[in-house]
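Under the working numbering, think of the first position of the sequence shown as 130, with each following residue one higher.
Just so it is clear, CB atoms sit at the ideal spot from N, CA and C, and this is done for glycine as well.
Predicted, not measured: the structure shown is a model, and the values here were computed from it.
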Amino acid sequence: LQRLPEGVLAPLTASTYGSGELLRAALDAGARTIVFGVGGSATTDGGAGMLAALGARFLDAEGKPVAAGGGGLAALASADLSGLDPRLADVELVLASDVDNPLTGPKGAPAVYGPQKGASPDDVTALDAALAHFAKVLEGTQGVGARAAEYAASPGAGAAGGIGFGAMLLGARFRPGIEVMLDVLGFAPALERAALVITGEGSLDEQTLHGKAPAGVAAAARGAGKEVVAVCGRLALPAETLGRAGIRRAYPLTDVEPDVAKCIADAGPILERVAESIARDFVA
Numbered sequence: 130l131q132r133l134p135e136g137v138l139a140p141l142t143a144s145t146y147g148s149g150e151l152l153r154a155a156l157d158a159g160a161r162t163i164v165f166g167v168g169g170s171a172t173t174d175g176g177a178g179m180l181a182a183l184g185a186r187f188l189d190a191e192g193k194p195v196a197a198g199g200g201g202l203a204a205l206a207s208a209d210l211s212g213l214d215p216r217l218a219d220v221e222l223v224l225a226s227d228v229d230n231p232l233t234g235p236k237g238a239p240a241v242y243g244p245q246k247g248a249s250p251d252d253v254t255a256l257d258a259a260l261a262h263f264a265k266v267l268e269g270t271q272g273v274g275a276r277a278a279e280y281a282a283s284p285g286a287g288a289a290g291g292i293g294f295g296a297m298l299l300g301a302r303f304r305p306g307i308e309v310m311l312d313v314l315g316f317a318p319a320l321e322r323a324a325l326v327i328t329g330e331g332s333l334d335e336q337t338l339h340g341k342a343p344a345g346v347a348a349a350a351r352g353a354g355k356e357v358v359a360v361c362g363r364l365a366l367p368a369e370t371l372g373r374a375g376i377r378r379a380y381p382l383t384d385v386e387p388d389v390a391k392c393i394a395d396a397g398p399i400l401e402r403v404a405e406s407i408a409r410d411f412v413a
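This is the structure in structure tokens:
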């Protein structure tokens with residue numbers, strides 16, 4: 130989103146073509162394993178742009194390429210994936226994402242993330258229908274078939290405006306982004322030495338429970354028999370829900386300073402006071 134030209138949102142026309150160019154560059158560099166981290170996108174095109182950059186063709190009823198972006202997929206009449214870069218068959222592609230949304234529906238990419246990309250209610254409806262149509266056309270495409278419907282309903286398909294769906298069509302294996310990062314950081318060995326695990330997020334809310342870092346940290350720590358507490362700016366989950374997620378207790382900064390603006394401006398000193406509370410409650 131932050132890379133949009135002049136910050137102008139384009140929910141119907143923004144394309145993932147550049148992501149396909151990045152994948153092609155990785156192939157050119159000889160990569161054998163590609164971890165495709167997705168999130169914070171400005172697009173909702175189901176990965177169609179990415180696939181086009183890698184050799185796929187998406188045509189309208191007149192045999193012309195459909196317009197870029199999710200909005201253009203409403204005119205899709207046929208798809209041809211036979212031109213996809215053959216080198217993709219020889220690499221391991223990992224889709225790392227912190228969300229587990231399907232492609233479409235009430236929890237799909239347009240409904241959940243479209244508004245933050247500038248989509249109006251009518252745009253959301255149009256994008257959801259266009260992505261559903263995209264998946265339906267792919268069901269009738271050689272080499273895809275019923276897998277299109279399976280992928281569209283899979284956790285992570287709706288990541289980054291549906292680019293997760295496109296990555297799955299390329300054979301990507303979905304992994305929660307937090308799992309990938311914990312592996313990279315050597316979290317498991319660090320857990321062995323820990324007396325208490327402290328995690329955190331700006332807002333602990335329903336989204337936290339769907340693949341965000343605190344939920345992943347808590348799950349890993351619980352598996353190792355370690356207690357977990359969370360520090361947050363804002364708390365919007367009851368204690369019972371936190372407990373089910375493996376978080377023993379949460380410490381919102383707003384308990385120390387109710388003014389959110391002051392919490393942001395004076396986060397350092399407030400965090401010190403929160404740390405004192407955690408030490409008093411769990412370490413002393």
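- With respect to the C-alpha of T173, the residue from C361, D209 and D252 having the closest C-alpha is D252.
- The Cβ atoms of G375 and V228 do not sit closer than 7 Å to each other.
- Under the three-state reduction of DSSP output, P305 falls in the strand class.
- Beta-bridge pairing by DSSP links V326 to V357.
- Close CB contacts of G147 within its chain, under the 7 Å cut and outside five residues either way in sequence, are absent.
- A distance below 7 Å between beta-carbons, with the five flanking residues on each side excluded, links V403 to the following residues of its chain, in chain order: V360, Y380, L382 and V385.
- Taking G243 as the centre and dropping the five residues before and after it, the same chain places the C-beta of P140, T173, D252, V253 and L256 closer than 7 Å to its C-beta, in chain order.
- When DSSP assignments are scanned along the region 195-273, the uninterrupted stretches of alpha helix (DSSP H) that are 4 or more residues long and fall wholly within it turn out to be 238-242 and 250-268.
- For F411, there is no enclosing alpha helix (DSSP H), as DSSP gives it neither H nor E.
- Three or more beta-carbon pairs drawn from the region 166-185 and the region 286-299 are found closer than 8 Å, and the two stretches are therefore classed as touching.
- DSSP places A379 inside the beta strand (DSSP E), whose first and last residues are R378 to P381.
- Residue range A396 to I407 is occupied by the alpha helix (DSSP H) that includes V403.
- The DSSP-derived three-state label of L141 is coil.
- Between the alpha carbons of P239 and Q245 lies a distance of about 10 Å.
- Excluding five sequence positions before and after R153, the CB atoms of its chain that fall closer than 7 Å to its own CB belong to A182, L183 and D214, given in chain order.
- Under the DSSP assignment, R186 falls in the beta strand (DSSP E) whose first and last residues are R186 to L188.
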